[in-house]
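Asker:
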Amino acid sequence: MPANQTNLVERIVNASPTPYLFGFLGWYGMWLLQLQLPVFDYALGVSLIFLPAGIRTLSVLIFGLRGAIGVFLGSVVSTMGYMGHVNSMDFFNYCIVAAVSAFSSYLMMSLICWWRRIDSELNELNFGDLMAIVFSQGLLSSTLHQLIYAYNPIEIAYTNPTLAEAFRLWAAMATGDIVGSMILMLSAVALVNLFQRLRSYAP
Numbered sequence: 113m114p115a116n117q118t119n120l121v122e123r124i125v126n127a128s129p130t131p132y133l134f135g136f137l138g139w140y141g142m143w144l145l146q147l148q149l150p151v152f153d154y155a156l157g158v159s160l161i162f163l164p165a166g167i168r169t170l171s172v173l174i175f176g177l178r179g180a181i182g183v184f185l186g187s188v189v190s191t192m193g194y195m196g197h198v199n200s201m202d203f204f205n206y207c208i209v210a211a212v213s214a215f216s217s218y219l220m221m222s223l224i225c226w227w228r229r230i231d232s233e234l235n236e237l238n239f240g241d242l243m244a245i246v247f248s249q250g251l252l253s254s255t256l257h258q259l260i261y262a263y264n265p266i267e268i269a270y271t272n273p274t275l276a277e278a279f280r281l282w283a284a285m286a287t288g289d290i291v292g293s294m295i296l297m298l299s300a301v302a303l304v305n306l307f308q309r310l311r312s313y314a315p
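Numbered according to the working numbering, the sequence shown spans residues 113 to 315.
1. On the DSSP bridge list, what partners appear for ALA155?
2. Alpha carbons only, please: which of LEU173, TYR218 and SER187 is nearest the one belonging to GLY141?
3. Mind reading off the beta-carbon distance from SER171 to PHE134? Whole number of angstroms is fine, and I expect it under 8 Å.
4. In the structure shown, what three-state DSSP assignment does ASN238 receive?
5. How big is the Cα-Cα spacing for VAL301 and ILE208?
6. Put ILE230 into one of helix, strand or coil per three-state DSSP.
7. Could you tell me the distance, in whole angstroms, from the CA atom of LEU137 to the CA atom of VAL158?
8. Using a Cβ-Cβ cutoff of less than 7 Å, which residues in the same chain neighbour ALA211 once the five nearest sequence positions on both sides are dropped?
9. Following the continuous alpha helix (DSSP H) through PRO131, name the residue where it begins and the one where it ends.
10. For a quick check, are the C-beta atoms of GLY166 and ILE290 less than 8 Å apart?
11. Pick from ILE224, LEU256 and SER200: whose alpha carbon is nearest that of PRO265?
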């Protein structure tokens with residue numbers, strides 16, 4: 113890649129709005145794609161493959177708190193559009209749901225990095241650490257979301273469910289978050305490897 117193109121890419125990546133835009137546009141873009149995949153819907157607010165979770169993971173890994181803020185803003189917009197018809201939801205609840213989506217992921221990444229003694233540049237991050245982050249993010253996010261929906265039911269499935277029904281809702285959401293994250297993370301790794309291989313072939 114020519115030096116001037118490399119410098120342009122670096123300037124874009126390092127620009128101050130980039131982390132927020134990546135989180136916001138990435139989340140909202142994946143959300144729009146998710147709406148085209150109703151086959152994976154399990155219940156209102158629960159999908160068996162939730163692609164925006166992958167952008168959430170990428171955003172906090174690459175950009176940290178700034179990426180999480182971008183995801184939060186994107187999630188507020190998508191939640192308003194998705195749950196705007198729910199009488200029990202208001203702007204405060206939209207923000208709570210969005211905050212859980214964004215900042216629970218940042219929290220789990222920070223805890224895993226602290227526990228595994230991974231520096232802020234993520235130089236020591238390995239595949240096992242990445243999977244620990246993905247799984248812990250999915251488990252925490254789904255747990256907090258289900259607690260919110262249990263306290264503030266968004267549809268009849270959340271109104272006085274049996275223990276088995278509540279567990280199925282939680283398990284479906286956790287599975288969707290984890291699978292969605294893994295799909296996008298592995299896709300990102302494959303794209304990076306392809307890009308590096310193409311660069312090695314360039315004159």
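We put the beta carbon where it would ideally sit given N, CA and C, even for glycine. Treat the numbers as computed from the prediction; the structure is a model and nothing was measured.
Answerer: So, from the data block:
1. VAL158
2. SER187
3. 6 Å
4. coil
5. 31 Å
6. coil
7. 21 Å
8. PHE184
9. 130-146
10. no
11. SER200
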